[in-house]
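Enquirer: Shown below is the structure under consideration.
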Amino acid sequence: MSDSDSSGGWGDVERHLRMYVIRHEKRPVDDPTFDVSLTAEGLQDAEEAVLDELNELGVNAVYSSPYRRVLQTVQPYLEQDHVGMGACVEWCLSEHPEPNDTPPTEIPDEFYEEFHIEETYTPFMTAEKAHRLNGDIEQVQSRLCDFVELLSRTHDDGDVVLLATHQTSVHALLSMASGIPIDCMDVPMGKVVELDWHGVLKYKYHGGPNPPWACYESHFIPNKRKGGGDLKWTYIEAGG
12 MSDSDSSGGW
22 GDVERHLRMY
32 VIRHEKRPVD
42 DPTFDVSLTA
52 EGLQDAEEAV
62 LDELNELGVN
72 AVYSSPYRRV
82 LQTVQPYLEQ
92 DHVGMGACVE
102 WCLSEHPEPN
112 DTPPTEIPDE
122 FYEEFHIEET
132 YTPFMTAEKA
142 HRLNGDIEQV
152 QSRLCDFVEL
162 LSRTHDDGDV
172 VLLATHQTSV
182 HALLSMASGI
192 PIDCMDVPMG
202 KVVELDWHGV
212 LKYKYHGGPN
222 PPWACYESHF
232 IPNKRKGGGD
242 LKWTYIEAGG
């Protein structure tokens, strides 16, 4: 989705609150656990494509899953002098389904040395509650809806908010906003997508869109701008 249009780009202080979601950069395919690091390619892309995208958007608030790979994805952006903030670590953005034998309940001390983290931030949801609400996709959607509603009330018009998280959360948020089924989505690692947060709130209070389609298939269509591109959806006929 475009980061600017005829109604004003991110430099327009009159624009409404905007929210974006990002799926963390590339990790080893066989290890989704808490402390796993991005691959060499993922780290490089975080330092290049993701960094360029977030600078262009002018993100001024970052909420991140506590997982190492997610913090690594946003760290190059946060460590720039002009940004002047850290990541607000939020447990409700954690991975689903639970990949750890023992679910983590606190941020390791070394993370505070390795990453720019807002130490004064009080998470919307404790680790224990996030784990209790991690049994199925409906619980994940519920906790995400509540968090988006909180952000819509605490941030001002003109803010550009980033939710840095995992595949399931990205797909759940986009599905609630659009009505496109989660199973039809395949957002690439490292991709930034604008979130229609109004649509998420409509989903919470009114059941969301009632799509007339059987299914859509998502595709990432790159453009010539480094790291840029759009998500496109192609209609799939029922039974097709």
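Residue numbers (this note's numbering): 12 to 251. Don't be surprised by glycine CBs; every beta carbon is placed ideally from N, CA and C. This one's a predicted model, so the numbers in the text were calculated from it and none came from an experiment.
Quick check: the Cα distance between L254 and T113, rounded to an integer number of angstroms?
Expert: Shown here, the chain extends from 12 to 251; a query on residue 254 therefore has no answer.
Enquirer: Helix, strand or coil for M136? Go by DSSP, reduced to three states.
Expert: As a position in the sequence shown, residue 136 is number 125, starting the count at 1. Reduced to three states, the DSSP call for M136 is coil.
Enquirer: Do you know whose CA, among K37, I191 and P115, lies nearest A60's CA?
Expert: Counted from its first residue, the sequence shown places residue 60 at position 49. For A60, the closest alpha carbon among the candidates K37, I191 and P115 is that of K37.
Enquirer: Considering only C-alpha positions, which residue in the set F126, N145, F158 and D63 is nearest to P134?
Expert: Taking the first residue of the sequence shown as position 1, residue 134 is located at position 123. Checked all of F126, N145, F158 and D63; the closest Cα to P134 is F158.
Enquirer: Do D207 and A188 count as a contact pair if the criterion is CB distance below 7 Å?
Expert: Here residue 188 is taken as the residue at index 177 of the sequence shown, counted from 1. Here residue 207 is taken as the residue at index 196 of the sequence shown, counted from 1. Contact flag set, yes.
Enquirer: With distances taken Cα to Cα, identify the nearest neighbour of Y88 among A183, P39, E64 and P43.
Expert: For this step, residue 88 is matched to residue 77 along the sequence shown. Of A183, P39, E64 and P43, the residue nearest in Cα terms is E64.
Enquirer: If you follow the alpha helix (DSSP H) that R80 is part of, which residue opens it and which one closes it?
Expert: Here residue 80 refers to the residue found at position 69 of the sequence shown. From DSSP, the alpha helix (DSSP H) with R80 extends over R79 to L89.
Enquirer: For the alpha helix (DSSP H) that contains R154, what are its first and last residues?
Expert: Counting from 1 along the sequence shown, the entry for residue 154 is found at position 143. Unbroken alpha helix (DSSP H) run through R154: I148 to T165.
Enquirer: For E121 versus N145, is the C-beta distance shorter than 7 Å?
Expert: For the purposes of this step, residue 121 is taken as residue 110 along the sequence shown, with counting starting at 1. For the purposes of this step, residue 145 is taken as residue 134 along the sequence shown, with counting starting at 1. No, the pair does not count as a contact, with Cβ atoms beyond the cut-off.
Enquirer: Please report the distance separating the alpha-carbon of Q86 from that of A72.
Expert: Residue numbering aside, residue 86 sits at position 75 when the sequence shown is read from its first letter. Residue numbering aside, residue 72 sits at position 61 when the sequence shown is read from its first letter. Looking at the two C-alpha atoms, the distance is approximately 13 Å.
Enquirer: Checking the sheet assignment: what are the DSSP bridge partners for S75?
Expert: Within the sequence shown, the letter at position 64 stands for residue 75. Answer by DSSP bridge pairing, in chain order: V100 and A175.
Enquirer: Mapping the DSSP letters down to three states, classify V70 as helix, strand or coil.
Expert: Reading the sequence shown from its first residue, position 59 is the one you call residue 70. The answer is coil: DSSP assigns V70 none of H, G, I, E or B.
Enquirer: Return the residue from the list M96, E58, H35 and D92 that minimises the CA-CA distance to S76.
Expert: Sequence index remark: in the sequence shown, residue 76 carries index 65 (1-based). Looking at the Cα atoms, H35 is the closest of the given residues.
Enquirer: When the cut-off is 7 Å and only beta carbons count, does E125 lie next to chain C?
Expert: Among the protein chains of the structure shown there is no chain C, as only one such chain exists.
Enquirer: What does a CB cutoff of less than 6 Å around M200 pick up in its chain, not counting 5 residues either side in sequence?
Expert: On the sequence shown, position 189 is the one that residue 200 refers to. So the qualifying residues of the chain are R34, E36 and K37.
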